[in-house]
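J.:
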Amino acid sequence: MLERTEVFELRDKYQGRKKSGYDIDEKTGAIIVYPLDAVCHEGIYYSMEDGGAIYFGNYVSHIRQFIGGKPIQVPGTGVIVYRKNSNDGQLEILLQLRRDFTQYGLPGGGIEIGETYQECAVNELQQETAYIADKDDLELVNVYAGPKHITRYPNGDIVFHTVVVFKVEADKCKKAPHSFDKSETSKIEWVTIDQIKSLLQDCKVFPNNIPILEDIVANASL
């Protein structure tokens, strides 16, 4: 984290140079974000005015205060954590059993203001499975959107999803000392391709994730 004095030093050096765009400070690696009058360092935004960290709050919850349950477009991520079973060599994928739909899906979620997609993927993975990945180990798989990725949540909210899907090997992840967020995840399971086929056939997959898991089944490899 940056100390306030460091933020103020950067403010004195860069403030007022541009109305938009950014600069990168060579000494600290911090990004000067001119539209926000802020400094971004290691994923944290700092106000040039008071030097403190900026908290943007939950983006979707903020929007819902104004429009209720009407449709909104929400960009987000999904993470395919995969491994080969040590006994039979079968490919296995880590899925979460969601509490809201009581269906299986990939860990992931909506991007918050100020996050990169990689940061979103890492944060959601840790929250929902207690697995920790390095964002540099994430590999882009595909981007999903359109009529197959529209969700009506149990409270009536409608979301048009844009899902940026990454993959990461389980061996490159580590288990967090804490448990996953039990308000979102009932349990996590390693499942084979054949088990994913059964979940799809039995309508036990979160609808937004169906095309993604269908692609995994079709490829049968990562």
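Just so we're aligned, residue 67 is where the sequence shown starts under this note's numbering, counting upward by one. The beta-carbon is built from N, C-alpha and C at its ideal position, and this holds for glycine as well.
1. Please list, in chain order, all residues of the same chain as A284 whose beta carbon is under 7 Å from its beta carbon, the five residues on each side excluded.
2. Measuring CB atoms only, is the region 165-182 touching the region 111-127, in the sense that at least three cross pairs come out at less than 8 Å?
3. Can you grab the Cα-Cα spacing for the pair P243 / N124, in whole Å?
4. Between the region 255-274 and the region 154-165, are three or more C-beta pairs nearer than 8 Å?
5. Under 8 Å: do the region 192-212 and the region 239-253 share three or more Cβ pairs, one atom per stretch?
6. Can you give me the Cβ contacts of G87 inside the same chain, cut-off strictly under 6 Å, excluding the 5 residues immediately before and after it?
7. Please classify I224 as buried or exposed, where buried requires at least 16 neighbouring CB atoms within 10 angstroms.
8. Per DSSP, which one or two residues make a beta bridge with K253?
9. Which one of R218, G174, G212 and S264 has the shortest CA to CA distance from P233?
10. Please classify T201: does DSSP put it in a helix, a strand, or coil?
11. What are the residues that DSSP puts in a beta bridge with D89?
12. Using a 10 Å radius around the Cβ and a threshold of 16 neighbouring Cβ atoms, would you call E92 buried or exposed?
13. In chain order, what residues of the same chain lie with their CB nearer than 8 Å to the CB of N221, ignoring the 5 residues before and after it?
14. Unbroken alpha helix (DSSP H) runs of length 4 or more, entirely within the region 166-249: which are they?
15. To the nearest angstrom, report how far apart D203 and T143 are at their CA atoms.
16. Does chain B have any CB closer than 9 Å to the CB of G171?
17. Where does S264 fall in DSSP's three states?
18. I'd like to check one pair, A96 with I120: are the Cβ atoms closer than 9 Å?
19. For a quick check, are the C-beta atoms of R230 and L191 less than 9 Å apart?
20. Using beta-carbon positions only, say whether Y170 and P277 come within less than 9 Å of one another.
21. Would you mind working out which of T168, D78 and C186 sits nearest Y219, comparing C-alpha positions?
T.: Once the coordinates are examined:
1. none
2. yes
3. 25 Å
4. yes
5. The answer is yes - the region 239-253 touches the region 192-212, with three or more Cβ pairs under 8 Å.
6. Y100
7. That one is exposed.
8. L163
9. According to the sequence as given, residue 233 is Lys; it is not Pro. Of the candidates R218, G174, G212 and S264, the one whose C-alpha sits nearest the C-alpha of K233 is G174.
10. This sequence places Lys at residue 201; Thr is not what is there. Residue state, collapsed to three classes: helix.
11. I98
12. exposed
13. G135
14. 183-195
15. 15 Å
16. Among the protein chains of the structure shown there is no chain B, as only one such chain exists.
17. helix
18. no
19. First, the residue type needs correcting, since residue 230 is Val and not Arg in the sequence shown. Contact: no.
20. The answer is no: Cβ separation not under 9 Å.
21. For the residues T168, D78 and C186, the minimum Cα distance to Y219 belongs to T168.
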